[in-house]
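Data first, discussion second: the structure below is written as structure tokens.
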Amino acid sequence: MKAKGISSNMYGWVERWKADGKEPTWESLYAACAEAGLDAVETDATPEKLALVRAAGLAVSASYVGVALHGEYNALEAEVLPFAERLAAAGGTDLIVNADPYGGWKAPLPRPESLLQRQGEHLSRLAERAGALGLRLSLHNHAAEREQALADLRMVAQYADAAVGLCVDTGWAHVAGCDPIEWVTRYSERVYAVHLRNQRGRTPTEDLLEGDIDLAAFLEALRAANYGGWLAMELWHPPETRPVRTMTEDVARSVAWLREFAGR
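In terms of UniProt numbering, the sequence shown is residues 1 to 264.
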């Protein structure tokens, strides 16, 4: 597999630092990412953060932006474009967008097809702006319910231009009762990015090696699809995970496993 390298989203790191009673400073977080063997991080590439990332010997792979995609386009562009401009200046490649639930996170509402079409059109316009900066835009699946997750897929596959890709999150796909391997196989040309996490049911596991998801089969599906993007993990340790190792140790274990697989 000709992946760009191994990266990580930062949300799980921040949450684990808090759970361990540590102050989650960006300097300490990026340094721990480097210690764990990562090549890059997904972060907003502000000048301050970029300096710390580079001081740690890392690159910026992507930026992740959560937006109310069902809102007005001009407001979306005004929110997203600064992230894209900073990412492009930092040499990143992937702008990852997450659609806030219609109705809010606590009580998401079903979306009519007309709204999915509108969201797809918004993604297409954002992808055009991102493409002009040399970036690829993809939609991240974050829905915890099957119908919402499938609606997100339709938003891209049926209603967005081919320039809009998918960031397949294995953990959230599994929680929603979907098969991330089937998504990669079916939408191989649209898979621009991945977030790797394993699960036991709805509970995230400590690292990529353990859990209900056959991540080796998922990576084989990526290989068959000629995937060439980043292998980005998003380990997350809520209280029910009950971790016994540090975040740095769990990421290092996962990095070693990914490098062994990629080298086959």
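Quick reminder that beta carbons are idealized off the backbone N, C-alpha and C, glycines included. On a predicted model such as this, the values are computed, not experimentally measured, just so you know.
Pull up the distance between the alpha-carbon of residue i and that of residue j, whole angstroms please.
{"i": "E210", "j": "L166", "result": "25 Å"}
{"i": "S61", "j": "E113", "result": "33 Å"}
{"i": "A160", "j": "D152", "result": "11 Å"}
{"i": "L69", "j": "R223", "result": "31 Å"}
{"i": "E27", "j": "V53", "result": "8 Å"}
{"i": "G131", "j": "A256", "result": "33 Å"}
{"i": "K49", "j": "E42", "result": "11 Å"}
{"i": "L135", "j": "K106", "result": "32 Å"}
Are residue i and residue j close, meaning C-beta to C-beta below 8 Å?
{"i": "A34", "j": "G57", "result": "yes"}
{"i": "N98", "j": "Y64", "result": "yes"}
{"i": "I6", "j": "D39", "result": "yes"}
{"i": "W236", "j": "K4", "result": "no"}
{"i": "L116", "j": "E77", "result": "no"}
{"i": "D212", "j": "G201", "result": "yes"}
{"i": "D100", "j": "V67", "result": "yes"}
Under the three-state reduction of DSSP, which class applies to residue i: helix, strand or coil?
{"i": "L231", "result": "strand"}
{"i": "residue 275", "result": "A query on residue 275 cannot be resolved here, the shown segment of the chain reaching from 1 to 264 and no further."}
{"i": "N74", "result": "helix"}
{"i": "D44", "result": "coil"}
{"i": "residue 286", "result": "Only positions 1 to 264 of the chain appear in the structure, and residue 286 is not among them; the question remains open."}
{"i": "Y192", "result": "strand"}
{"i": "I181", "result": "helix"}
{"i": "R242", "result": "coil"}
{"i": "D94", "result": "strand"}
{"i": "A143", "result": "coil"}
{"i": "A130", "result": "helix"}
Who are the near neighbours of residue i in its chain, counting only those whose CB is closer than 6 Å to its CB and skipping five residues on each side?
{"i": "M233", "result": "S8, L196, S254"}
{"i": "A59", "result": "A40"}
{"i": "L133", "result": "A84, A88"}
Identify every residue that forms a DSSP beta bridge with residue i.
{"i": "Q199", "result": "P204"}
{"i": "A59", "result": "A40"}
{"i": "Y164", "result": "Checking the sequence shown, residue 164 turns out to be Val, not Tyr. Paired residue(s): L137."}
{"i": "A99", "result": "V67"}
{"i": "N226", "result": "BP columns for N226 are empty, so no partner."}
{"i": "D169", "result": "H195"}
If we cut at 8 Å on Cβ distances, does residue i have a partner in chain C?
{"i": "T25", "result": "Structure shown: chain C not included; a single protein chain is present."}
Spatial neighbours of residue i within its chain, please: C-beta separation below 7 Å, excluding the five flanking residues on both sides.
{"i": "A221", "result": "I181, V184, T185"}
I'd like the list of long-range same chain contacts for residue i, defined as Cβ closer than 8 Å, with 5 residues on each side in sequence excluded.
{"i": "E240", "result": "T203"}
{"i": "L109", "result": "P101, Y102, G103"}
{"i": "A173", "result": "N141, A149, D179, P180, W183"}
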